[in-house]
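First residue of the sequence shown? That's 129 in my numbering, and the numbers climb one at a time after it. What follows is a short report on a single structure.
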Amino acid sequence: MTKMNSTTISDDYRERYKRHLMLPELGEEGQQRLQRGSVLVVGAGGLGCPVAIYLAAAGVGRIGIIDFDKVDTSNLQRQIAYTEAEVGEPKVEMLSRRLRAMNSALQVDAIARRFDADTAELVDNYDVIIDASDNLATKYFCNDVCVEHRRPLVHASINQFTGNVMTILPGTVTL
């Protein structure tokens with residue numbers, strides 16, 4: 129796939145995203161903003177997999193994935209990016225491979241580490257942070273880092289059959 133620049137859209141890019149380009153709320157300008165955009169996905173599990181897949185399909189230009197875990201057999205029924213052949217492999221490597229196969233114009237940063245004090249500065253490299261982690265300590269830490277670094281945070285969680293999504297825009301409201 130040919131990457132587009134800020135002024136032109138190639139024919140293959142136009143064909144791929146023609147449904148987006150037809151939407152008055154998105155159009156060429158919006159699609160170009162997506163292509164220039166970057167998102168850090170914290171967690172490559174049950175939430176992170178579909179989020180990253182949809183971001184890649186939508187045409188986001190750069191996706192970072194941070195997770196320290198490896199694919200386990202117990203992941204396969206809910207973590208849709210992984211296969212039996214990938215059990216034991218690092219999740220970020222398997223997910224990034226899948227995303228690149230979907231969209232060759234995509235830049236993927238696979239970060240096989242925990243999101244913690246040693247990796248917090250990564251948020252400065254992305255426009256939006258998505259918390260798709262599965263533990264409370266990481267969720268709180270992700271929020272704290274995004275507030276400190278003034279980065280938009282999309283927080284998501286799942287408990288059994290219930291899902292929640294919330295967006296936090298640090299610095300946009302003063303009390």
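No residue lacks a Cβ here, since even glycine has one placed at the ideal position from N, Cα and C. This structure is a prediction, so every number in the text was calculated from the model and none was measured.
Fewer than three beta-carbon pairs drawn from the stretch 182-195 and the stretch 284-296 are found closer than 8 Å, and the two stretches are therefore not classed as touching. Note on geometry: alpha-carbon atoms of D139 and I181 lie some 23 Å from one another. Under the DSSP assignment, T266 falls in the alpha helix (DSSP H) whose first and last residues are 264-277.
Where R228 is concerned, the enclosing alpha helix (DSSP H) starts and stops at 219-230. Around the CB of N253, fewer than 16 other CB atoms lie within 10 Å, so the residue is classed as exposed. Inclusion of P280 and L297 in the CB contact set at 8 Å is warranted, their separation being smaller than that value. Annotation: G299 to Q235 spans about 29 Å, alpha carbon to alpha carbon.
The DSSP-derived three-state label of Q205 is coil. When the five nearest sequence neighbours on each side are left out, the beta carbons in the same chain lying within less than 8 Å of the beta carbon of K267 are those of D259, S261, H283, S285, in order along the chain.
Taken through DSSP and simplified to helix, strand or coil, G174 comes out as coil.
Excluding residues up to 5 positions away in sequence, V273 lie with their Cβ nearer than 7 Å to the Cβ of A248 in the same chain. Comparing alpha carbon positions, the residue from I191, G171, V179, G192 closest to V199 is G171. Here G192 carries a strand assignment [DSSP, helix/strand/coil].
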